[in-house]
Amino acid sequence: MQRTASRIAVVAALLLVRATSADVLPDDRADLFYSKYSGGGMDITGESALVRKKFTENFALEGSYFVDKVSGASIDVLSQASQIKDERKQKSGTAEFVHDKTTYSLSYINSVERDYKSNTTSFSLKQDMFGDLTTLTLGYSHTDDTVGENDGTAFVPIIVWLGHAQSISYDVGLSQIVTKNWIAGLNVNVITDNGYLANPYRSYRYLDSSNAKGYSLASQIYPDTRTSTAVQAEVKYYLPYRAAITGSYRYFTDTWGLVGNTYELDYTHPISNIWILEGRVRFYKQNSADFYSDLYNYAGEYNFMARDQDLAAGENTTMGVKATYAFLPDGWKMFKRATATFDISRIEYKYLDFRNIKYYGVSSNPSYPPGTEPLYSFNATVYQIYMSMFF
Amino acid sequence: MKSPRPAPPFRPVPPSCHAPRFRLALSAVALLLCAACSNIQPWVKPYERDRLADPIMAWERDAISAEYMDHVREVREGSRGGTGAAGGGCGCN
Numbered sequence: 000m001q002r003t004a005s006r007i008a009v010v011a012a013l014l015l016v017r018a019t020s021a022d023v024l025p026d027d028r029a030d031l032f033y034s035k036y037s038g039g040g041m042d043i044t045g046e047s048a049l050v051r052k053k054f055t056e057n058f059a060l061e062g063s064y065f066v067d068k069v070s071g072a073s074i075d076v077l078s079q080a081s082q083i084k085d086e087r088k089q090k091s092g093t094a095e096f097v098h099d100k101t102t103y104s105l106s107y108i109n110s111v112e113r114d115y116k117s118n119t120t121s122f123s124l125k126q127d128m129f130g131d132l133t134t135l136t137l138g139y140s141h142t143d144d145t146v147g148e149n150d151g152t153a154f155v156p157i158i159v160w161l162g163h164a165q166s167i168s169y170d171v172g173l174s175q176i177v178t179k180n181w182i183a184g185l186n187v188n189v190i191t192d193n194g195y196l197a198n199p200y201r202s203y204r205y206l207d208s209s210n211a212k213g214y215s216l217a218s219q220i221y222p223d224t225r226t227s228t229a230v231q232a233e234v235k236y237y238l239p240y241r242a243a244i245t246g247s248y249r250y251f252t253d254t255w256g257l258v259g260n261t262y263e264l265d266y267t268h269p270i271s272n273i274w275i276l277e278g279r280v281r282f283y284k285q286n287s288a289d290f291y292s293d294l295y296n297y298a299g300e301y302n303f304m305a306r307d308q309d310l311a312a313g314e315n316t317t318m319g320v321k322a323t324y325a326f327l328p329d330g331w332k333m334f335k336r337a338t339a340t341f342d343i344s345r346i347e348y349k350y351l352d353f354r355n356i357k358y359y360g361v362s363s364n365p366s367y368p369p370g371t372e373p374l375y376s377f378n379a380t381v382y383q384i385y386m387s388m389f390f
Numbered sequence: 000m001k002s003p004r005p006a007p008p009f010r011p012v013p014p015s016c017h018a019p020r021f022r023l024a025l026s027a028v029a030l031l032l033c034a035a036c037s038n039i040q041p042w043v044k045p046y047e048r049d050r051l052a053d054p055i056m057a058w059e060r061d062a063i064s065a066e067y068m069d070h071v072r073e074v075r076e077g078s079r080g081g082t083g084a085a086g087g088g089c090g091c092n
C-alpha cells in the first residue's frame with residue numbers, strides 16, 4: 000500500500016510539473032450532498048447536487064442546486080413569534096476559463112425563500128507566478144437581496160416586502176509554497192452593505208412597568224450601512240509521516256463595532272489510499288455590536304437598537320470529525336473513482352450578554368426581574384453525508 | 000542711491016529638464032524590479048512537490064461542504080468573509 004501511495008505521489012508530482020507550463024482545471028466531478036443541523040430549537044435539513052464538467056482543456060462549467068428545509072426557530076425569534084417552517088432553494092452556476100497561468104471565473108447564485116430573495120454575481124481571477132510558488136486570487140462579487148416578512152402563519156403566509164439590501168465584496172488571496180512540506184495562505188475580504196440590513200423576525204427588549212413581565216419587545220432598528228473587513232492567515236504542514244496539520248486564524252472587524260477572532264486546527268490522516276480521516280477544533284469569540292443591548296431602558300432610547308443574538312457578545316467551540324472512503328479504484332463505466340464522506344460537528348454556543356427570556360417566568364420555571372435571567376447557551380450538531388464521483 | 004537689484008523672478012525648471020533624469024530613475028527602478036523578478040528562482044523545484052500534491056494538502060477538498068459550513072457559521076456569528084463564498088440567503092429564523 001505504501002508503494003502505491005508513493006506511485007500516486009509521483010504521478011501527482013508529474014502532473015504538477017506539467018501544470019507549471021500552464022494552469023489546469025480540476026477534475027470533472029458530481030456530488031450528492033445531505034446535511035442536517037439540529038440545535039437551539041431548530042432543525043434544518045439540506046440536500047444538494049453539484050456537477051462540474053470540462054468541455055475543453057481550458058473551459059469548464061459547474062452547476063449546483065441546494066434546498067434547505069427549516070423547522071422550528073431560534074430563541075430570539077421564538078420570544079416573539081410562533082414556530083416557523085420554511086424552505087430555501089439555491090441555484091448556482093460557474094464558468095471557468097484558463098489561459099496560460101491565469102484562471103478566470105464567473106459565477107451566479109440565486110437563493111429564494113418565501114420571504115427573502117438573493118442574487119449574487121461574482122468574478123474572480125487566479126494567477127500563478129514565481130515558478131508557481133505563489134498563487135494570487137482577486138475576487139469581486141455583487142449581491143442584491145430583497146427582504147420580506149411573513150405576517151401570516153407557516154401554512155398561510157402573508158409576505159410583506161420590507162426593502163432591499165445591496166452588498167459588494169472584494170477578495171484578495173495569496174497562497175504560497177514555503178518549503179516542500181509547508182504552504183501558507185493569506186485572505187483579505189472587504190464587504191460593504193447598504194439598505195435594509197435588520198432581521199425582521201427579531202426584536203429589541205426594553206423595560207416596561209405596564210407589562211406583567213416587566214419588559215416589552217419592539218422592532219429592531221439597524222443602521223442602513225455596514226462595512227466589514229476579515230483577514231485570515233493559514234498554514235498547512237506535511238508531517239514527517241503521511242499526514243497534514245492545518246492552523247488558521249481570522250480577525251474580523253466592522254463599522255458596527257464587532258470584533259471577532261477565529262482559531263482553527265485541523266489534522267488529516269490517510270489510512271492507505273482508502274480512508275482519509277480528519278479531526279478539527281475551532282474556537283470563535285466576538286464582542287457585541289455598538290448598538291446591541293439585551294435590555295434597553297425605554298422604547299426609542301437610541302437611534303439604533305438591536306437584540307439579535309448574532310450581534311451579542313459570545314463564543315462557540317466546534318469539535319468535528321470527518322471520514323472519507325475511496326471506492327471504485329479501478330473505475331466504473333464513465334467514472335474513474337469515487338468517494339463517500341461522513342462529517343459530524345458538535346458546536347457549543349455560549350452568549351455573554353444575551354439572556355434567555357423564553358423559558359423563564361412561564362409555567363413552572365422561576366421568574367426573574369428583567370435583565371437578570373440566565374445567559375443563553377445551546378448545543379448544535381451538524382451532520383454531512385455526501386458522495387463524490389470523479390469522471 | 001542705487002536701487003537694490005530686484006530678485007530674479009522664479010523660473011521653474013521646465014519639465015523637459017526633469018524628464019531625462021526622471022525617466023532614467025524610472026528606468027533604473029523598472030530594471031531593478033525586473034532583475035529582482037527574474038532572479039526569483041523556485042526554491043521548491045517542481046519535482047520536489049510530491050508531498051504538496053498529495054490530496055491531504057489541498058486547502059479544501061470538497062467545496063460543497065465548505066460552502067455549507069460557511070453558511071451555517073455566518074448566520075449565527077457576527078463575523079463573515081475571509082474564507083470564500085458562503086452562498087446567499089437570510090438565515091433569519
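Chains as they are written, first to last, in numbering that gives the first Met the number 0: chain W, 0 to 390; chain G, 0 to 92.
We put the beta carbon where it would ideally sit given N, CA and C, even for glycine.
The model shown is predicted, which means the values in this text are computed figures rather than measured ones.
Straight-line CA distance for W:Asp207 to W:Ser387?
In the first sequence, the residue the question calls residue 207 of chain W occupies position 208. In the first sequence, the residue the question calls residue 387 of chain W occupies position 388. For W:Asp207 and W:Ser387, the distance between alpha carbons rounds to 56 Å.
Could you have a look at W:Glu314 and say whether DSSP puts it in helix, strand or coil?
Locating residue 314 of chain W in the first sequence gives position 315, counting from the first residue. Three-state result, W:Glu314: strand.
What residues of chain G sit near W:Val230, judged by a beta carbon separation below 7 Å?
To locate residue 230 of chain W, count along the first sequence from 1; it is residue 231. Near W:Val230 (Cβ distances below 7 Å), the residues of chain G are Gly81.
Examine the Cβ distances between the stretch 158 to 166 of chain W and the stretch 45 to 62 of chain G and report whether three or more of them are shorter than 8 Å.
At 8 Å Cβ cutoff, the stretches do not touch.
Per DSSP, which one or two residues make a beta bridge with W:His163?
By one-based count along the first sequence, residue 163 of chain W stands at place 164. W:Thr145, per the DSSP bridge assignment.
Spatial neighbours of W:Thr252 within its chain, please: C-beta separation below 6 Å, excluding the five flanking residues on both sides.
On the first sequence, position 253 is the one that residue 252 of chain W refers to. Counting only Cβ-Cβ distances below 6 Å, and skipping sequence neighbours, we find Thr228 and Val258.
For W:Tyr203 versus W:Pro369, is the C-beta distance shorter than 7 Å?
One-based indexing of the first sequence puts residue 203 of chain W at position 204. One-based indexing of the first sequence puts residue 369 of chain W at position 370. In this structure, W:Tyr203 keeps its C-beta atom at 7 Å or more from the C-beta atom of W:Pro369.
Determine the direct distance from the alpha carbon of G:Ser78 to that of W:Arg6, and round the result to whole angstroms.
Residue 6 of chain W sits at position 7 when you count from the first residue of the first sequence. Residue 78 of chain G sits at position 79 when you count from the first residue of the second sequence. Confidence in W:Arg6 is poor, its pLDDT being 44 and thus under 50, which makes the residue's placement too unreliable to answer from.
Looking at C-alpha atoms only, which residue of W:Thr152, W:Ile167, W:Lys212 and W:Leu216 is the closest neighbour of W:Gly194?
One-based indexing of the first sequence puts residue 194 of chain W at position 195. Nearest of W:Thr152, W:Ile167, W:Lys212 and W:Leu216 to W:Gly194, Cα basis: W:Ile167.
Give the secondary structure of W:Gln308 by DSSP, where H, G and I count as helix, E and B as strand, and everything else as coil.
Numbered from its first residue, the first sequence carries residue 308 of chain W at position 309. In the three-state DSSP reduction, W:Gln308 falls in the helix class (H, G or I).
Go ahead and label W:Trp255 buried or exposed: buried means 16 or more other beta carbons lie within 10 angstroms of its beta carbon, across all protein chains shown.
Position 256 of the first sequence, counted from the start, is the residue given in the question as residue 255 of chain W. Within 10 angstroms of the beta-carbon of W:Trp255 lie 16 or more other beta-carbons, which makes it buried.
Just to make sure I have the definition right: I need the residues of chain W whose C-beta is within less than 7 Å of the C-beta of G:Asp69. Which are they?
To locate residue 69 of chain G, count along the second sequence from 1; it is residue 70. The premise fails here: G:Asp69 is roughly 12 Å from chain W at the closest Cβ pair, so nothing lies under 7 Å.
Report the rounded CA-to-CA distance for W:Asn186 versus W:Glu233, giving the unit in angstroms.
The residue given as residue 186 of chain W occupies position 187 in the first sequence. The residue given as residue 233 of chain W occupies position 234 in the first sequence. If you take the alpha carbons of W:Asn186 and W:Glu233, they lie about 9 Å apart.
With DSSP as the reference, please indicate the residues paired to W:Asn322 in a beta bridge.
Walking along the first sequence from the start, residue 322 of chain W turns up at place 323. Strictly speaking, residue 322 of chain W in this sequence is Ala, with Asn absent from that position. In DSSP, W:Ala322 forms a bridge with W:Leu276 and W:Phe341.
Can you tell me the Cα-Cα spacing of W:Lys52 and G:Ala62, whole angstroms?
Mapped onto the first sequence, residue 52 of chain W falls at position 53. Mapped onto the second sequence, residue 62 of chain G falls at position 63. About 15 Å.
Buried or exposed, going by whether 16 or more other CB atoms sit within 10 Å of the CB of W:Asn198?
Looking up residue 198 of chain W in the first sequence gives position 199. Counting Cβ neighbours within 10 Å, W:Asn198 comes out buried, since at least 16 surround it.
So which residues on chain G does W:Ile244 lean against when the C-beta distance must stay under 7 Å?
Position 245 of the first sequence, counted from the start, is the residue given in the question as residue 244 of chain W. Within chain G, no residue comes near W:Ile244; the closest Cβ sits about 10 Å away, beyond 7 Å.
Tell me the start and end of each unbroken alpha helix (DSSP H) in the stretch 44 to 122 of chain W that is at least 4 residues and wholly inside, in chain order.
Uninterrupted alpha helix (DSSP H) stretches at least 4 residues long and entirely within the stretch 44 to 122 of chain W occur at 74 to 77, given in chain order.
Give the straight-line distance between the Cα atoms of W:Tyr240 and G:Arg50, rounded to the nearest whole angstrom.
Taking the first residue of the first sequence as 1, we reach residue 240 of chain W at position 241. Taking the first residue of the second sequence as 1, we reach residue 50 of chain G at position 51. Approximately 10 Å, taken between the alpha carbons.
From the beta carbon of W:Asn272, is the nearest beta carbon of chain G less than 7 Å away?
On the first sequence, position 273 is the one that residue 272 of chain W refers to. Judged by the 7 Å Cβ criterion, W:Asn272 is not in contact with chain G.
Short of 6 Å in beta carbon distance, which residues of its chain neighbour W:Arg28, apart from the five on each side in sequence? Order them along the chain.
Residue mapping note: residue 28 of chain W aligns to position 29 of the first sequence, counting from 1. Closer than 6 Å at the Cβ level, and outside the excluded window around W:Arg28, lie Arg51, Ser387 and Phe389.
Checking the sheet assignment: what are the DSSP bridge partners for W:Tyr416?
Absent from the model: residue 416 of chain W. The displayed extent of chain W is 0 to 390, so no value can be given.
Let's test the definition: count the other Cβ atoms within 10 Å of the Cβ of W:Leu105 and tell me whether it reaches 16, buried, or not, exposed.
For the purposes of this step, residue 105 of chain W is identified with residue 106 of the first sequence, where counting begins at 1. Under this definition W:Leu105 is an exposed residue.
Leaving out five residues on either side along the sequence, give the residues of the same chain with a beta carbon under 8 Å from the beta carbon of G:Gly87.
Mapped onto the second sequence, residue 87 of chain G falls at position 88. For G:Gly87, the predicted model reports a pLDDT of 46, less than 50, meaning its position is unreliable and no value from the coordinates is stated.
Determine, using beta carbons only, whether W:Thr371 and W:Ser344 come nearer to each other than 7 Å.
Residue numbering aside, residue 371 of chain W sits at position 372 when the first sequence is read from its first letter. Residue numbering aside, residue 344 of chain W sits at position 345 when the first sequence is read from its first letter. In this structure, the beta-carbon distance from W:Thr371 to W:Ser344 does not fall below 7 Å.
Taking 6 Å as the line, does the beta carbon of W:Phe129 fall inside it for any heavy atom of the ligand ZN?
Although the ligand ZN was asked about, the structure shown includes no ligands whatsoever.
Considering just the uninterrupted stretch of the beta strand (DSSP E) at W:Asp30, what are its terminal residues?
As a working note, residue 30 of chain W is residue 31 in the first sequence. Note, W:Asp30: beta strand (DSSP E), Arg28 to Gly38.
Mapping the DSSP letters down to three states, classify W:Ala242 as helix, strand or coil.
Working through the first sequence from its first residue, we reach residue 242 of chain W at position 243. The three-state reading of DSSP puts W:Ala242 in coil, since its state is none of H, G, I, E or B.
Looking at C-alpha atoms only, which residue of W:His268, W:Gly246 and W:Gly299 is the closest neighbour of W:Ser280?
Mapped onto the first sequence, residue 280 of chain W falls at position 281. The displayed chain sequence assigns Val, not Ser, to residue 280 of chain W. Ranking the options by Cα distance to W:Val280, first place goes to W:Gly246.
Buried or exposed: which applies to W:Asp329, given that a residue is buried once 16 or more other Cβ atoms fall within 10 Å of its Cβ?
Here residue 329 of chain W refers to the residue found at position 330 of the first sequence. Per the 10 Å Cβ criterion, exposed.
For G:Ser26, would you say it is in contact with chain C, using Cβ-to-Cβ distances shorter than 7 Å as the test?
Reference to chain C is not applicable here, since the protein chains of this structure are W and G.
Evaluate the contact criterion for the stretch 105 to 123 of chain W versus the stretch 82 to 91 of chain W: three or more CB pairs, one atom per stretch, below 8 Å.
yes
Using DSSP with H/G/I as helix, E/B as strand and the rest coil, what is W:Ile176?
Within the first sequence, numbered from 1, the residue matching residue 176 of chain W stands at position 177. W:Ile176: strand per DSSP, three-state reduction.
Exposed or buried, what is W:Ser366 when buried is set at 16 or more other beta-carbons lying within 10 Å of its beta-carbon?
As a first step, residue 366 of chain W must be located in the first sequence, where it is residue number 367. W:Ser366 is exposed by the Cβ-count criterion.
Shorter than 7 Å from the beta carbon of G:Glu47 to some beta carbon of chain W?
On the second sequence, residue 47 of chain G is found 48 positions in, with the first residue counted as 1. Taking Cβ atoms only, chain W reaches closer than 7 Å to G:Glu47, which makes this a yes.
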